[in-house]
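These notes are about the structure you will find just below.
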Amino acid sequence: MRPLEYVTPHSLAEALERLAGSDPSETVVWGGGTALGPLLRRGLVRPRVLLGLERVAGLQDLSLAEDGLRVGALVRLADLSRSPVVRGSLPLLAEAAGRVGNVRVRNAATLGGHLAHADPAQDLPPVLLALDAQVRLESVRGTRTLPLERFLVGPLQTARADDELLTEVWVPAAAFGRRTAYVRFTPRSSQDYPTVGVAASLRVDADGVCREARVAVGGAAPTALRVPAAEAALVGGRLTRERCRDAAAQVESAVDPWDDTRGSARYKRAMARVWTERVLEDLASEA
Amino acid sequence: MTGAVVELWVNGEPVRAAADGAEFLAEFLRERLGLVGTKLGCGIGVCGLCTVWMDGRLVSSCLVPVAVAAGRQVWTVEGLVALAEGRVHNPPPGLPRPELVRAVHRAFVQCEGLQCGICTAGQVWAVCALLSEEPVPPEGRVREFLAGNLCRCTGYQGILRAVQQASEEWAQRAAP
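Top to bottom, those sequences are chains A and B. Read in the working numbering, the first sequence has 97 at position 80, and its numbers run on one by one without any break. Read in the working numbering, the second sequence has 120 at position 118, and its numbers run on one by one without any break.
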């Protein structure tokens, strides 16, 4: 076996310098290891250095301000699910984080690691797409902020450059107070990645007219996917069954799934429609 | 590079052992330290056989490289037994209470919460963690919490009965 060293820089500057000066096949960023661990065990990644971020101040912070909620990349999913701040401002995010994998996964996995892994069937990408989330990427060259949909590029592929670190996820306050739901359809085992996951957030005015809509699906395309055509089908009118059905049909035509152990492409396409319709009808019936 | 010395705390004792940095904690505990109560199953964090307590949280030891475990506090089922038997004097905060471990142990025996036993150490850890957090969990919560510990014998009914019994006993003791 090759030697493996665990390095834990004490500051972000030190971590970024370390990252900037290293070969990406030799040094990989270590969050909780729930995604990277299996790849390491199978020799699919063979680094010499794991760059642990647990001692970097600030990456485990959660803060609520006028402009929204900021979650540090090292916040563990278990902590995200239990945080009173998250439960109060974005209950959907807390609830969905509490249903990822199993208790040991949630105890170890970090939000930044979850997003940087970019498996198309993960739970939090569609949820965060439905909440207009942005991610902050930092490197010795500077800092940039990207909408999550531009960060997710393909299966296990993101817009993160080799020298960049995902440091923070920001959900703007405009996403607070919407009607929200997420369903993870897991016909095999509740701790599996979902066959499809559907997240939606809607702003509905006092007359019952939908003013804003976000619909996102996971597991049914090379990345988690927002479906603007479905959103357009919902906005501007009351949330009738017909509108929900039209939106679900838009999802069915937008997705691009493939056959795997969680279902055939055809099945996933149909399930994306079915679960979108159910999620939207549930949200429509909320008072 | 075999032969590097790793230092960590296992069941409250300092341990120095030769290990490959690319080795994982599950194999390290079993093969270098002989603590075979921790089993190795799927190797991807799904099945729960290799559950251990590390720095206050349950984790899958199959996913923790020894290099990452260095310097940390790790507790295995052998340590849980020592705790239940009152042989641990200054347990770190966050470990289950000895009375709870005893109640869970009794309940697993009396309710036949095990068949072949390979999943038992992980199940016991999970139940202790759940009841420490929530002494009287609704059944839905129990099922959801234990979904990450697979019983290959499918002996789930006995496990659920054991959780129920341990919860009743623990809630009575926990009540003032």
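Note that CB positions come from ideal geometry on N, CA and C, so glycine has one too. It should be emphasised that the depicted structure is a prediction, and the values quoted were computed from it without experimental measurement.
Taking 8 Å as the upper bound for CB-CB distance, A:Pro239 and A:Pro142 are not in contact here, some 12 Å apart.
Distances from the alpha-carbon of A:Ala198 to those of A:Val291, A:Leu110, A:Ala287 and A:Glu155 put A:Leu110 closest. Bounds of the alpha helix (DSSP H) holding B:Val70 are Val68 to Ala71.
Cβ proximity to chain B below 9 Å picks out Ser206, Ser207, Gln208 and Asp209 from the region 198-220 of chain A.
The beta carbon of B:Leu82 sits closer than 6 Å to the beta carbons of Val103 from its chain, once the five residues preceding and following it are set aside; these are given in chain order. In this structure, A:Val45 sits away from A:Val24, with a CB-CB distance that is not shorter than 8 Å. The count of Cβ pairs closer than 8 Å, one atom from the region 146-166 of chain A and one from the region 178-189 of chain A, reaches three, so the stretches are in contact. Under the Cβ distance rule, A:Arg121 counts among the residues neighbouring chain B, one pair being separated by less than 8 Å. For A:Pro101, no Cβ of chain B is located within less than 8 Å of the residue's own Cβ. Rounded to the nearest whole angstrom, the C-alpha separation of B:Arg108 and B:Leu133 is 14 Å.
Chain-order list of chain A residues neighbouring B:Pro67: Leu21, Tyr23, Gly50, Gly54, Leu57 and Leu67, by C-beta distance under 8 Å. Selection A:Arg167, A:Val291 and A:Arg93 evaluated against A:Ser270 yields A:Val291 as nearest (Cα-Cα).
Residues Pro64, Arg65 and Val66 of the same chain have their beta carbon placed closer than 7 Å to that of A:Glu43, with the five preceding and five following residues left out of the count. Close CB contacts of A:Gly254 within its chain, under the 7 Å cut and outside five residues either way in sequence, are with Val226, Cys227 and Arg260 (chain order).
For the region 30-115 of chain B, the continuous beta strand (DSSP E) assignments of 3+ residues that do not extend past its boundaries occur at 53-56, 59-62 and 75-77, in sequence order.
Under the Cβ distance rule, A:Ala125 counts among the residues neighbouring chain B, one pair being separated by less than 8 Å. A Cβ-Cβ separation of about 6 Å places A:Leu183 in contact with A:Val152 under the 8 Å criterion. In the structure shown, A:Trp292 falls within a helical segment according to DSSP collapsed to helix, strand and coil.
Within chain A, Gly118, Asn119, Val120, Arg121, Val122 and Gln208 have C-beta atoms less than 8 Å from the C-beta of B:Gly150, given in sequence order.
Between B:Val79 and B:Ala131, the C-beta spacing is not below 8 Å. Contact check between the region 186-194 of chain A and the region 116-126 of chain A: fewer than three CB pairs, one atom from each, fall below 8 Å, which does not count as touching. The beta carbon of A:Thr127 sits closer than 7 Å to the beta carbons of Gly48, Gly49, Ala90, Leu91, Val92 and Arg93 from its chain, once the five residues preceding and following it are set aside; these are given in chain order.
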